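Asker: Going down the list, the sequences are from chains A and B. Taken in order, the first sequence gives residues 784 to 946; the numbers are from the working numbering. Taken in order, the second sequence gives residues 2 to 391; the numbers are from the working numbering.
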Amino acid sequence: MLGIDEASLALVDDLQRRYIEALDRRAMEAWLDCFSQDADASYFCIAAENVEGGQEIALMYDDCRARLTDRVTFITKVWTGTFQPYRMRHFVQRIGIPTLDHGKLCVVSNFHIAITPEGGSSNLLAVGQYEDTVVLDRGEPRFLRKRAVYDTTVLPRYIVYPF
Amino acid sequence: MNAPIQWPKAVNEIPKAIFTDAELYEREIETIFHGAQWHSLAHRAEISKPGDFKTMLLGRMPVIVANGEDGKIRVFFNSCTHRGNQVETASCGNRKAFECPYHRWMFRTNGELAVCPGSEEFSPGFDKKAYGLRELRTAEFCGLIFATASADTPPLETWLGQVAGTLAGALGGDGRLKLLGYQKVRYASNWKAYSDNDGYHAPLLHVGFRLLGWQGGQGSQTPTPNGHLAFESQLKPIVNREFLKDPSLIDLKATDPESGSRIAQLFPHTVITKHMDVINVRFATPISVDCTEVHYAYFAHADDSEELVRHRIRQSSNLLGPCGMISMEDASIFNRIHIGSFTPGNAAFQKGVKRFDEVGFDVKQNDESGNLPKWNYYCELMGFQRSEVA
Ligand code: FES
Ligand SMILES: [Fe+2]
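Here it is in structure tokens:
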């Protein structure tokens, strides 16, 4: 069981590290493995402006595990060779005190993503907050739901990888 | 100073330099964006209640699109009539009145100046009535709000011409829409490279279509002499649905496959598309010679069931935006066309081109030549002379 104790928080922080490490390597299978096997496992990447306006359009709207899997297929198989590669570095910091809801831990973290396009200089891609629901899945903490709410009103480019 | 741009004689070629020339860009802002064209700035569904507003740029000029207390939508310069301060900074919202923070002049949502403290000391004969927010000419089509800074722009229906039918079809037929939200992004691309490649699609680009066994259906492409382009096509069902773990994403729930795709590309660079169950207006703004901002606004129809709205939200979010399953590849092309345009010479259109001395309006669904009437119009509008030299 996850709780609001030191040991649980260490597990959650480790999950966040696994998550950003997977994205920084652009290792989409490892990204997928950060999510629970639950059919309802979900990932949303949405502009803060939409959230504040009560609008649900997202940049990425994966409301079930099957959608998460399809996103990986598109990035790794379908889009190959159609976009200029870019590197990312994610910086994440848990903020506030997590809350516990029936064995699920709700965690809020700030994120900051730096981007370096192939042959280019480094810039800020997006900043925002992760709103995560973490559960124990196969003995390890995994995301049942992850929502990346980005402050960046206008993104500086088209996007390939999740935030 | 750069060498003057030579416009080639053959109508299927355009000089690459037009995408990168900063002086030309300045002329375009004056001639096209501040000139005698209509520019779509909002859909009524984005500002549906009295007091709702949205700020935009018309070329370089900041404007407020406001739904007045009287339910009438107006477009104002976003500049205080006192000393010119920007009045509103939010991208959207709802206000009882617009208040300029500098000397606290307050404007009603219909633009009238309501309050101007200390006016007893103002210049002789100062009259509040003469200091309302400056209003632009506006017109509406299926809820889409257009404005123009010029008195010479022809009436909207005339300006739309043949593209009107497709535009209405793309806006749900009657334009009674409900806002679902936005995706906003900048492309490192000249506005013309964006507009030249957004509506028009090389089917070869989309690996996803092939993997899904997704053949485009029969369709048509209709250019107008003043630079618009209308696409209409069927959507064939997808053959390899099993390629996706969640094929429900690409279901057609509200769309007759016979009229599955409706795209209206309006000069200079607004794209309105209804593809599958996605209703999308792409409001574009030129930021600089090498940067274009696009706000993808998504809509449902006012009569949709809750289930259909949910389907539109998932499909819209994942299919046609700046990281959409279908359109991410288009986005990458905008940037690469721009980079490639710093080399000398002309870009050449081939598919569907039948002659070099005049543009044809009889184009097939996937012809590149559909873009040529627009280039011809642009060439004349910007005062280029065609020459043999290039
Ligand atoms: S500039 Fe707006 S009140 Fe003076
Ligand atoms: Fe496309």
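Cβ coordinates follow ideal geometry from the N, Cα and C atoms, glycine included. All values derive from a computational prediction rather than experimental measurement.
Using the three-state DSSP reduction, which class does B:P287 fall into: helix, strand or coil?
Answerer: strand
Asker: Taking the alpha helix (DSSP H) that B:Q386 falls in, what are its first and last residues?
Answerer: Counting along the chain, no alpha helix (DSSP H) covers B:Q386, and no H or E run does either.
Asker: For A:P945 and A:D796, I'd like the C-alpha separation in whole angstroms.
Answerer: 19 Å
Asker: Excluding five sequence neighbours on each side, which residues of the same chain lie with their C-beta closer than 6 Å to the C-beta of B:S41?
Answerer: L145, F147, T271
Asker: Within the continuous beta strand (DSSP E) that includes B:N347, where are the two ends?
Answerer: 347–349
Asker: What would DSSP say about B:N377, mapped onto helix, strand or coil?
Answerer: helix
Asker: Whose C-alpha, out of A:Y802, A:D807, A:V918, is nearest the C-alpha of A:C817?
Answerer: A:Y802
Asker: Taking B:E330 and A:T865 to be in contact with their CB atoms under 8 Å, please state how far apart those CB atoms are, rounded to whole angstroms.
Answerer: 4 Å
Asker: Write down the C-beta distance between A:V855 and A:L815 rounded to the nearest angstrom, noting that I regard them as a contact closer than 8 Å.
Answerer: 5 Å
Asker: I'd like to check one pair, A:G911 with A:F926: are the Cβ atoms closer than 8 Å?
Answerer: no
Asker: Report the CB separation of B:G220 from B:F232 in whole angstroms; it is logged as a contact under 8 Å.
Answerer: 7 Å
Asker: Distance, Cα to Cα, B:W106 vs B:I288?
Answerer: Straight across, the Cα-Cα distance linking B:W106 with B:I288 is about 30 Å.
Asker: Using the beta-carbon of each residue, which ones in chain B are nearer than 8 Å to A:Y844?
Answerer: I314, R315, S318, N319
Asker: How would you list, in chain order, the residues of chain A whose beta-carbon sits under 8 Å from the beta-carbon of B:V354?
Answerer: Going along chain A, no residue has its Cβ under 8 Å from B:V354, so there is no contact; the nearest lies around 26 Å.
Asker: Put B:R299 into one of helix, strand or coil per three-state DSSP.
Answerer: At residue 299 of chain B the sequence reads Tyr, which differs from the Arg that was named. In the structure shown, B:Y299 sits in a strand (DSSP, three-state: E or B).
Asker: At the 8 Å Cβ level, is B:Y299 part of the contact set with chain A, yes or no?
Answerer: yes
Asker: Have a look at B:F108, B:I251, B:M277, B:I15 and flag the residue whose alpha-carbon is nearest the alpha-carbon of B:L172.
Answerer: B:M277
Asker: Between B:M2 and chain A, is any beta-carbon pair separated by less than 8 Å?
Answerer: Note that B:M2 scores a pLDDT of 47, beneath 50, so its modelled location is shaky and nothing firm can be said.
Asker: For B:W215, which option in B:Q235, B:E89, B:R28 has the closest C-alpha, if you only look at C-alpha atoms?
Answerer: Of the listed residues, the one whose Cα sits closest to B:W215 is B:Q235.
Asker: So, helix, strand or coil for A:Y944, using DSSP?
Answerer: coil
Asker: Does the CB of B:P323 have a neighbour CB from chain A at under 8 Å?
Answerer: yes
Asker: I want to see whether chain B comes within less than 8 Å of A:R850, judged by CB atoms only; does it?
Answerer: Closer than 8 Å: yes.
Asker: Mind checking whether B:E27 and B:P51 have CB atoms under 8 Å apart?
Answerer: no
Asker: Count the other C-beta atoms from every protein chain shown that fall within 10 angstroms of the C-beta of B:F127, then say buried if there are 16 or more, exposed otherwise.
Answerer: exposed
Asker: Compare the C-beta of A:E789 with all C-beta atoms of chain B and state if any pair is closer than 8 Å.
Answerer: no
Asker: In the DSSP output, what is A:N906 paired with across the bridge?
Answerer: A:I898, per the DSSP bridge assignment.
Asker: Is any non-hydrogen atom of ligand 1 found closer than 7 Å to the C-beta of B:Y103, if you look at the structure I gave you?
Answerer: yes
Asker: So B:F284 and B:N227 are supposed to be a Cβ contact under 8 Å. How far apart are they, rounded?
Answerer: The Cβ separation is near 20 Å, so there is no contact.
Asker: How should B:K97 be labelled, buried or exposed, when 16 other C-beta atoms within 10 angstroms of its C-beta is the threshold for buried?
Answerer: exposed
Asker: Could you tell me whether any Cβ in chain A is nearer than 8 Å to the Cβ of B:M326?
Answerer: yes
Asker: Hey, would you say the C-beta of B:H83 is under 7 Å away from at least one heavy atom of ligand 1?
Answerer: The answer is yes for B:H83.
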